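Going by the numbering used here, the residue at position 133 of the sequence shown is 448; the numbering climbs one at a time, nothing skipped.
Note that the Cβ used here is the ideal one computed from N, Cα and C, for glycine as well.
Since the structure is predicted, the reported quantities are computational estimates derived from the model, not experimental observations.
Working notes, structure below.
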Amino acid sequence: MLNMSNISAGYGGVPALHGVSLQIKKGEIVTIVGSNGAGKSTIARTLTGLVEPTGGSIMFDGRAIEGLPTHEIVALGLIHVPEGRHVFGKLTVTENLMLGAYTTDSEAKTRERMEYVREMFPLLRERSNQKAGSLSGGQQQMLAIGRGLMASPKLLILDEPSLGLMPKLVEELFEAIHTISRTGVTMLLIEQRVLEALELCDRGYVIQNGRIVTEGLGSELIDSEMVRKAYLGM
Ligand code: ATP
Numbered sequence: 316m317l318n319m320s321n322i323s324a325g326y327g328g329v330p331a332l333h334g335v336s337l338q339i340k341k342g343e344i345v346t347i348v349g350s351n352g353a354g355k356s357t358i359a360r361t362l363t364g365l366v367e368p369t370g371g372s373i374m375f376d377g378r379a380i381e382g383l384p385t386h387e388i389v390a391l392g393l394i395h396v397p398e399g400r401h402v403f404g405k406l407t408v409t410e411n412l413m414l415g416a417y418t419t420d421s422e423a424k425t426r427e428r429m430e431y432v433r434e435m436f437p438l439l440r441e442r443s444n445q446k447a448g449s450l451s452g453g454q455q456q457m458l459a460i461g462r463g464l465m466a467s468p469k470l471l472i473l474d475e476p477s478l479g480l481m482p483k484l485v486e487e488l489f490e491a492i493h494t495i496s497r498t499g500v501t502m503l504l505i506e507q508r509v510l511e512a513l514e515l516c517d518r519g520y521v522i523q524n525g526r527i528v529t530e531g532l533g534s535e536l537i538d539s540e541m542v543r544k545a546y547l548g549m
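Here it is in structure tokens:
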């Protein structure tokens with residue numbers, strides 16, 4: 316579904332990614348793990364056109380997407396739930412969800428997506444008319460993911476969804492990610508919670524200083540000495 320090949324990118328001439336390659340197959344949960352500042356979010360931003368690559372290519376669902384504007388990439392079904400949630404606090408839960416559906420004109424399709432999201436996160440049905448700003452951090456994260464799901468993603472990128480959540484909520488969140496995956500959504504999960512992410516994913520990539528240093532099945536990475544030493548404190 317996705318083939319990122321030899322991508323370089325940065326900010327104001329300062330490189331943040333050096334020749335990053337990664338692949339995601341249909342139906343997979345792929346995770347990228349790494350420390351603060353390693354380049355994880357830059358990969359997400361490059362995939363969705365927020366950062367323009369200085370080299371390399373990106374194929375998504377059979378199309379070259381590097382250099383396309385973000386709204387065209389979104390319309391192809393590549394949806395990014397950014398780090399920090401960015402819900403609109405003064406709008407209601409339902410209004411926030413509706414914003415995620417802006418790519419479709421079909422009311423029937425929007426209703427169907429709304430029902431799917433509310434089945435996935437019943438809390439978003441219960442709190443439909445509540446202002447998003449009054450939700451807890453964990454609830455806002457569910458809303459941000461729900462808004463992403465409203466856009467009928469083929470590939471959903473979740474950037475640090477567990478950031479700032481209490482352990483119990485993290486568990487619920489990871490369960491929700493697993494459930495979403497079972498409904499056929501392919502996912503790229505960016506996480507600093509290395510162990511939980513590797514346990515959940517099919518395959519993973521480890522990034523350090525803008526370079527992929529190792530990749531493999533989640534279980535292989537958990538057993539890898541480098542990952543255990545550098546990220547799991549074992
Ligand atoms: P974090 O988990 O802290 O977000 P990350 O692995 O996602 O870390 P990135 O945000 O991709 O890392 O950052 C990669 C590098 O790019 C870092 O050196 C960072 O300082 C730099 N960087 C990120 N965003 C910007 C920006 N908007 N302007 C300038 N430099 C940036």
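Assuming residue i is part of the beta strand (DSSP E), what are its boundary residues?
i: Q523; result: R518 to Q523
i: D474; result: L470 to D474
i: R526; result: R526 to L532
i: Q338; result: V329 to I339
i: A324; result: L317 to Y326
i: T418; result: Note, T418: premise wrong, no beta strand (DSSP E); not H, not E.
i: G452; result: Counting along the chain, G452 falls outside any beta strand (DSSP E), though it belongs to the alpha helix (DSSP H) covering G452 to M465.
i: L393; result: L393 to V396
i: T501; result: T501 to E506
i: S539; result: Segment: none, S539 is in no beta strand (DSSP E) and carries neither H nor E.
Relative to the alpha-carbon of residue i, which residue among the options has its alpha-carbon at the smallest distance?
i: R526; options: G352, G342, L317 and V345; result: G352
i: P330; options: G370, N318 and G349; result: G370
i: L488; options: Q454, L547, Q507 and L536; result: Q454
i: G499; options: Y326, P368, Y431 and Q523; result: Y431
i: L484; options: H493, E475, G452 and S421; result: G452
i: I358; options: S336, E486 and P468; result: S336
i: N524; options: L473, A466 and L332; result: L332
i: Y546; options: L513, L532 and G531; result: L513
i: S421; options: L515, E506, A466 and H386; result: A466
i: Y326; options: K341, S356, G349 and S320; result: S356
i: M319; options: S350, G364 and G349; result: G364
i: I505; options: L532, N444 and E475; result: E475
Work out the CA separation of residue j and residue i for me, nearest whole Å.
i: M429; j: K544; result: 43 angstroms
i: E296; j: S477; result: With the chain covering only 316 through 549, there is no way to say anything about residue 296.
i: I344; j: R518; result: 7 angstroms
i: T482; j: E511; result: Sequence check: residue 482 is Pro here, not Thr. When rounded, the distance between both Cα atoms is 11 angstroms.
i: V396; j: A416; result: 14 angstroms
i: E367; j: G399; result: 21 angstroms
i: D376; j: L362; result: 13 angstroms
i: Q445; j: T385; result: 30 angstroms
Which stretch, first to last residue, makes up the alpha helix (DSSP H) that contains residue i?
i: I358; result: K355 to L362
i: F403; result: No alpha helix (DSSP H) holds F403; DSSP gives it neither H nor E.
i: L438; result: P437 to E441
i: T369; result: Neither: T369 is in no alpha helix (DSSP H) and is coded neither H nor E.
Under the assumption that residue i contacts residue j (Cβ atoms under 8 angstroms), give the Cβ distance between them as a whole number of angstroms.
i: L412; j: G479; result: Going by Cβ atoms, the distance from L412 to G479 rounds to 22 angstroms, so no, they are not a contact pair.
i: L464; j: M435; result: 7 angstroms
i: I322; j: Y520; result: With a Cβ gap of about 12 angstroms, I322 and Y520 do not count as contacting.
In chain order, what residues of the same chain lie with their CB nearer than 7 angstroms to the CB of residue i, ignoring the 5 residues before and after it?
i: I339; result: M316, L317, V345, L470, T501 and L503
i: L458; result: V402, V408, N411, L439, A447 and L450
Once you ignore the five residues that flank residue i on each side, which residues in its own chain have a CB closer than 6 angstroms to its CB?
i: I380; result: I373 and I388
i: R508; result: S477
Just to confirm my understanding: we take residue i, look at its own chain, exclude 5 residues before and 5 after, and list those with CB closer than 8 angstroms. What are they?
i: T529; result: Y520, V521, L536, S539, M541 and V542
i: L515; result: I344, T346, F489, I492, H493, L504 and G533
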